[in-house]
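Colleague: Protein chains in written order, with the working numbering: chain A, 18 to 231; chain B, 18 to 231. From the three backbone atoms N, C-alpha and C, an ideal C-beta is built for every residue, glycine too.
2 protein chains.
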Amino acid sequence: MSDPAALTDLLGLVAYGELVAFDRMAADARLAPDLTRRALLSEMAAREITHYRRLADRLTELGMRPEEAMRPYVTALQSYHDSTQPKDWLEALTKAYVGDAVADDFLREIAGQLAEPDRQLVLDVLHDSRYDEFAGREIRAAIVADPRLANRLSMWARRLVGEALSHAGRVAAERAALTTLLVAPTGDPGAAQALFKRLTAAHTGRMAAVGLNN
Amino acid sequence: MSDPAALTDLLGLVAYGELVAFDRMAADARLAPDLTRRALLSEMAAREITHYRRLADRLTELGMRPEEAMRPYVTALQSYHDSTQPKDWLEALTKAYVGDAVADDFLREIAGQLAEPDRQLVLDVLHDSRYDEFAGREIRAAIVADPRLANRLSMWARRLVGEALSHAGRVAAERAALTTLLVAPTGDPGAAQALFKRLTAAHTGRMAAVGLNN
Chain A
18 MSDPAALTDL LGLVAYGELV AFDRMAADAR LAPDLTRRAL LSEMAAREIT
68 HYRRLADRLT ELGMRPEEAM RPYVTALQSY HDSTQPKDWL EALTKAYVGD
118 AVADDFLREI AGQLAEPDRQ LVLDVLHDSR YDEFAGREIR AAIVADPRLA
168 NRLSMWARRL VGEALSHAGR VAAERAALTT LLVAPTGDPG AAQALFKRLT
218 AAHTGRMAAV GLNN
Chain B
18 MSDPAALTDL LGLVAYGELV AFDRMAADAR LAPDLTRRAL LSEMAAREIT
68 HYRRLADRLT ELGMRPEEAM RPYVTALQSY HDSTQPKDWL EALTKAYVGD
118 AVADDFLREI AGQLAEPDRQ LVLDVLHDSR YDEFAGREIR AAIVADPRLA
168 NRLSMWARRL VGEALSHAGR VAAERAALTT LLVAPTGDPG AAQALFKRLT
218 AAHTGRMAAV GLNN
């Protein structure tokens with residue numbers, strides 16, 4: 018990747034994403050039905066902060082203040098989360114299950130276009146798959162116990178994706194350098210569309226895996 | 018210390034204290050005036066969870082489910098925090114500065130009466146002094162910039178101590194085994210009173226050090 022602005026744009030976005038993920042998971046831990054689950058979610062939240070630290074250190078190394086690199090994303094990410102506040106434990110898990118996985122897929126695609134050490138850094142800070150597995154298991158078990166939940170949680174998941182796309186679109190429009198990462202390999206604008214298709218297919222598969230419909 | 022019930026009572030209290038401290042600091046991070054401070058507080062919150070994990074592992078080793086050991090304290094600690102919700106960044110810092118230090122002084126006293134490895138474990142999970150220093154610095158600077166703040170924050174600190182004592186008294190009354198730790202060394206009920214005096218003197222000194230009056 019040739020554009021250093023695109024790199025700091027990306028690292029700033031991921032760093033702020035970690036900070037917000039920490040905040041959200043810490044708040045969601047309060048919704049846990051018992052202390053064991055609450056502690057588990059709190060521990061997962063804490064891991065996001067370790068990731069944040071690595072990204073912030075890398076930004077500093079690149080001569081960029083982490084605060085400055087993150088600032089462009091504050092409004093979009095905060096308003097995504099404000100507009101999708103889970104109202105119970107299962108909505109919180111569904112949001113994490115659906116949202117984190119899409120974000121991770123996206124980062125995995127982007128990472129392929131970065132040079133080292135940033136490629137490995139971005140791959141390292143992807144969400145712990147243990148959390149996805151835990152969330153998936155809880156959602157599946159809840160739907161088995163009460164099949165009517167499938168409908169409510171599927172609607173919730175669709176709303177999450179809709180809100181995420183709308184906010185992501187706004188960020189992309191504002192951060193031109195970042196957007197070049199998506200079309201960089203071939204310069205072909207169709208590349209972004211192909212990426213979008215892959216992300217959607219993976220998302221659909223994940224929904225089905227826990228008993229949610231798209 | 019001869020009473021194993023007192024030990025698991027104590028570890029359960031400290032473990033739950035860590036979980037709640039995590040939750041509170043994570044929520045307070047939202048009140049931070051900028052992203053650098055927000056990240057700093059989030060990182061400090063994450064450290065509490067590392068402590069929680071050590072305590073939970075030790076409880077498991079002692080044959081006690083962490084969840085069970087923590088349960089007796091849920092109501093008291095939660096209602097302390099619910100009744101003392103900071104409404105801005107300086108109130109959050111004052112709460113941490115005042116409350117964490119009193120809790121740490123108390124644990125340091127108690128630790129002296131534990132056998133190893135629990136003595137060291139309790140000493141290890143005391144709050145990071147870096148956080149106290151950070152909070153103290155911020156409070157002092159704010160009061161220098163606006164001396165009228167001293168009055169509001171002093172009143173807030175007194176309220177915190179009052180609420181903490183009232184909730185702690187209720188816990189002590191309910192957990193007889195835990196209370197024996199306070200009078201164990203000599204069997205003298207005056208020992209608890211002497212401890213209380215030492216804690217109060219240290220608290221008064223800390224208040225003065227940042228420009229708050231008792």
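Taking C-alpha atoms, which residue in B:Glu126, B:Gly228, B:Tyr114 lies nearest to valine 178 of chain B?
Modeller: Residue numbering aside, residue 178 of chain B sits at position 161 when the second sequence is read from its first letter. The option with the nearest alpha carbon to valine 178 of chain B is B:Tyr114.
Colleague: What are the start and end residues of the alpha helix (DSSP H) that includes glutamine 102 of chain B?
Modeller: Position 85 of the second sequence, counted from the start, is the residue given in the question as residue 102 of chain B. Element bounds for glutamine 102 of chain B: n/a, residue is neither H nor E.
Colleague: Check whether the stretch 65 to 85 of chain B touches the stretch 72 to 80 of chain A, taking contact to mean three or more Cβ pairs, one atom from each stretch, closer than 8 Å.
Modeller: no
Colleague: If you follow the alpha helix (DSSP H) that arginine 82 of chain B is in, where does it begin and where does it stop?
Modeller: On the second sequence, residue 82 of chain B is found 65 positions in, with the first residue counted as 1. Segment: none, arginine 82 of chain B is in no alpha helix (DSSP H) and carries neither H nor E.
Colleague: In whole angstroms, what is the alpha-carbon distance linking phenylalanine 213 of chain B and leucine 229 of chain B?
Modeller: Position 196 of the second sequence holds residue 213 of chain B. Position 212 of the second sequence holds residue 229 of chain B. Each residue's Cα considered, the two are about 20 Å apart.
Colleague: Determine the chain A residues that contact arginine 55 of chain B at a beta-carbon separation under 8 Å, and present them in chain order.
Modeller: To locate residue 55 of chain B, count along the second sequence from 1; it is residue 38. What arginine 55 of chain B touches in chain A: Leu36.
Colleague: What residues of chain B sit near aspartate 51 of chain A, judged by a beta carbon separation below 8 Å?
Modeller: Translated into the one-based positions of the first sequence, residue 51 of chain A becomes position 34. For aspartate 51 of chain A, the residues of chain B that pass the 8 Å Cβ criterion are Glu84, in the order they occur in the chain.
Colleague: Return yes when the Cβ of aspartate 40 of chain B is within less than 8 Å of the Cβ of leucine 58 of chain B, no when it is not.
Modeller: Residue mapping note: residue 58 of chain B aligns to position 41 of the second sequence, counting from 1. Residue mapping note: residue 40 of chain B aligns to position 23 of the second sequence, counting from 1. Their beta carbons are not under 8 Å apart, which means leucine 58 of chain B does not touch aspartate 40 of chain B by this criterion.
Colleague: Taking 8 Å as the CB-CB limit, is tyrosine 90 of chain A close to chain B?
Modeller: Start at 1 with the first residue of the first sequence, and residue 90 of chain A comes out as number 73. No, its Cβ sits nowhere closer than 8 Å to a Cβ of chain B.
Colleague: What did DSSP end up calling aspartate 20 of chain A once you bin it into helix, strand or coil?
Modeller: For the purposes of this step, residue 20 of chain A is taken as the residue at position 3 of the first sequence. Coil.
Colleague: Does aspartate 40 of chain B have its Cβ less than 8 Å from a Cβ in chain A?
Modeller: Locating residue 40 of chain B in the second sequence gives position 23, counting from the first residue. Yes, aspartate 40 of chain B lies at the interface with chain A (some Cβ there is under 8 Å from its Cβ).
Colleague: My output table needs one value for valine 161 of chain A: the three-state DSSP class, helix, strand or coil.
Modeller: Within the first sequence, numbered from 1, the residue matching residue 161 of chain A stands at position 144. Helix, per DSSP.
Colleague: Identify which residue in B:Arg70, B:Ala49, B:Leu27, B:Asp141 has its Cα closest to the Cα of alanine 152 of chain B.
Modeller: Within the second sequence, the letter at position 135 stands for residue 152 of chain B. Alanine 152 of chain B has its Cα closest to that of B:Ala49, out of B:Arg70, B:Ala49, B:Leu27, B:Asp141.
Colleague: Hey, how far is the Cα of methionine 234 of chain A from the Cα of glycine 207 of chain B?
Modeller: With chain A covering 18 to 231 only, the question about residue 234 of chain A has no answer from this structure.
Colleague: In chain order, what residues of the same chain lie with their CB nearer than 7 Å to the CB of histidine 68 of chain B, ignoring the 5 residues before and after it?
Modeller: Position 51 of the second sequence, counting from 1, holds the residue named residue 68 of chain B. Cβ within range, chain order: Glu35, Val142.
Colleague: Taking the C-alpha atoms as reference points, what is the distance between aspartate 163 of chain B and arginine 169 of chain B?
Modeller: One-based indexing of the second sequence puts residue 163 of chain B at position 146. One-based indexing of the second sequence puts residue 169 of chain B at position 152. Taking the straight line joining both Cα atoms gives about 11 Å.
Colleague: Evaluate glycine 29 of chain A with the Cβ neighbour count: other Cβ atoms within 10 Å of its Cβ, from every protein chain shown; 16 or more gives buried, anything less gives exposed.
Modeller: Numbered from its first residue, the first sequence carries residue 29 of chain A at position 12. The residue in question, glycine 29 of chain A, is buried, as its Cβ has 16 or more Cβ neighbours within 10 Å.
Colleague: Would you report the Cα separation of isoleucine 66 of chain B and leucine 195 of chain B, rounded to the nearest angstrom?
Modeller: Here residue 66 of chain B is taken as the residue at index 49 of the second sequence, counted from 1. Here residue 195 of chain B is taken as the residue at index 178 of the second sequence, counted from 1. For isoleucine 66 of chain B and leucine 195 of chain B, the distance between alpha carbons rounds to 23 Å.
Colleague: The alpha helix (DSSP H) with alanine 208 of chain B in it runs from where to where?
Modeller: Taking the second sequence and counting its residues from 1, one reaches residue 208 of chain B at position 191. Where alanine 208 of chain B is concerned, the enclosing alpha helix (DSSP H) stretches over 207 to 226.
Colleague: Name the chain B residues that come within less than 8 Å of glutamate 60 of chain A, Cβ to Cβ?
Modeller: Taking the first sequence and counting its residues from 1, one reaches residue 60 of chain A at position 43. Within 8 Å Cβ-Cβ: Ile66, Tyr69, Arg70.
Colleague: Just reading off the alpha helix (DSSP H) that alanine 190 of chain A is part of, what are its end residues?
Modeller: What you label residue 190 of chain A is simply residue 173 of the first sequence in a count that begins at 1. Alanine 190 of chain A -> alpha helix (DSSP H) spans 166 to 191.
Colleague: Counting only Cβ pairs nearer than 7 Å, list the residues of chain A close to methionine 172 of chain B.
Modeller: Here residue 172 of chain B is taken as the residue at index 155 of the second sequence, counted from 1. Result: empty, since nearest Cβ-Cβ is about 28 Å, beyond 7 Å.
Colleague: In chain order, what residues of the same chain lie with their CB nearer than 6 Å to the CB of isoleucine 160 of chain A, ignoring the 5 residues before and after it?
Modeller: The sequence position of residue 160 of chain A within the first sequence is 143, counting from 1. Correct list, in chain order: Leu166, Ala167, Gly228.
Colleague: Against arginine 47 of chain B, what residues of chain A qualify as contacts under a CB-to-CB distance less than 8 Å, listed in chain order?
Modeller: In the second sequence, residue 47 of chain B corresponds to position 30, counting from 1. For a Cβ distance threshold of 8 Å, residue set Asp40 of chain A lies close to arginine 47 of chain B, ordered along the chain.
Colleague: Could you tell me which of B:His220, B:Arg192, B:Gln137, B:Gly129 sits nearest to leucine 72 of chain B, measuring between CA atoms?
Modeller: As a working note, residue 72 of chain B is residue 55 in the second sequence. The shortest C-alpha separation from leucine 72 of chain B is found at B:Gln137.
Colleague: Using a cut-off of 8 Å between C-beta atoms, extract the partners of alanine 44 of chain A located in chain B.
Modeller: Locating residue 44 of chain A in the first sequence gives position 27, counting from the first residue. Going along chain B in sequence order, the residues near alanine 44 of chain A (Cβ under 8 Å) are Ala43, Ala44.
Colleague: What in chain B is Cβ-close to methionine 87 of chain A, meaning under 7 Å?
Modeller: Position 70 of the first sequence, counting from 1, holds the residue named residue 87 of chain A. Ordered by position in chain B, the residues that pass the 7 Å Cβ test against methionine 87 of chain A are Leu52.
Colleague: Alpha helix (DSSP H) containing aspartate 122 of chain A: first to last residue?
Modeller: In the first sequence, the residue the question calls residue 122 of chain A occupies position 105. First-last of the alpha helix (DSSP H) with aspartate 122 of chain A: 118 to 128.
Colleague: Could you check which residue in B:Val31, B:Ser96, B:Trp106 has the C-alpha nearest to that of aspartate 51 of chain B?
Modeller: Stepping through the second sequence from its first residue, residue 51 of chain B is reached at position 34. For aspartate 51 of chain B, the nearest C-alpha among the options comes from B:Trp106.
Colleague: Check each candidate in B:Ala38, B:Asp99, B:Val31, B:Ala56 and name the one with the smallest Cα separation from leucine 76 of chain B.
Modeller: Reading the second sequence from its first residue, position 59 is the one you call residue 76 of chain B. Checking every option, the nearest Cα to that of leucine 76 of chain B belongs to B:Val31.
Colleague: Taking 8 Å as the threshold (beta carbon to beta carbon), is alanine 73 of chain A in contact with chain B?
Modeller: For this step, residue 73 of chain A is matched to residue 56 along the first sequence. Yes, alanine 73 of chain A lies at the interface with chain B (some Cβ there is under 8 Å from its Cβ).
Colleague: Note down, in chain order, every chain B residue with its Cβ under 9 Å from the Cβ of alanine 152 of chain A.
Modeller: In the first sequence, counting from the first residue as 1, residue 152 of chain A sits at position 135. Using a Cβ-Cβ cut-off of 9 Å, alanine 152 of chain A is close to nothing in chain B; its nearest Cβ partner there is about 18 Å away.
Colleague: In whole angstroms, what separates the C-alpha of arginine 234 of chain B from that of arginine 157 of chain A?
Modeller: Because chain B in this structure spans residues 18 to 231, residue 234 of chain B falls outside the shown range and cannot be described.
Colleague: Looking only at its own chain, which residues have a Cβ that is under 7 Å from the Cβ of asparagine 231 of chain A, when we skip the five neighbours before and after it?
Modeller: Counted from its first residue, the first sequence places residue 231 of chain A at position 214. Closer than 7 Å at the Cβ level, and outside the excluded window around asparagine 231 of chain A, lie Thr221, Met224.
Colleague: Looking at C-alpha atoms only, which residue of A:Leu131, A:Thr111, A:Met42 is the closest neighbour of alanine 23 of chain A?
Modeller: For the purposes of this step, residue 23 of chain A is taken as the residue at position 6 of the first sequence. Nearest option by C-alpha distance: A:Leu131.
Colleague: Thinking just about the alpha-carbon of each residue, which of A:Asp20, A:Arg54, A:Gln102 is nearest to the one in alanine 181 of chain A?
Modeller: For the purposes of this step, residue 181 of chain A is identified with residue 164 of the first sequence, where counting begins at 1. Checking every option, the nearest Cα to that of alanine 181 of chain A belongs to A:Gln102.
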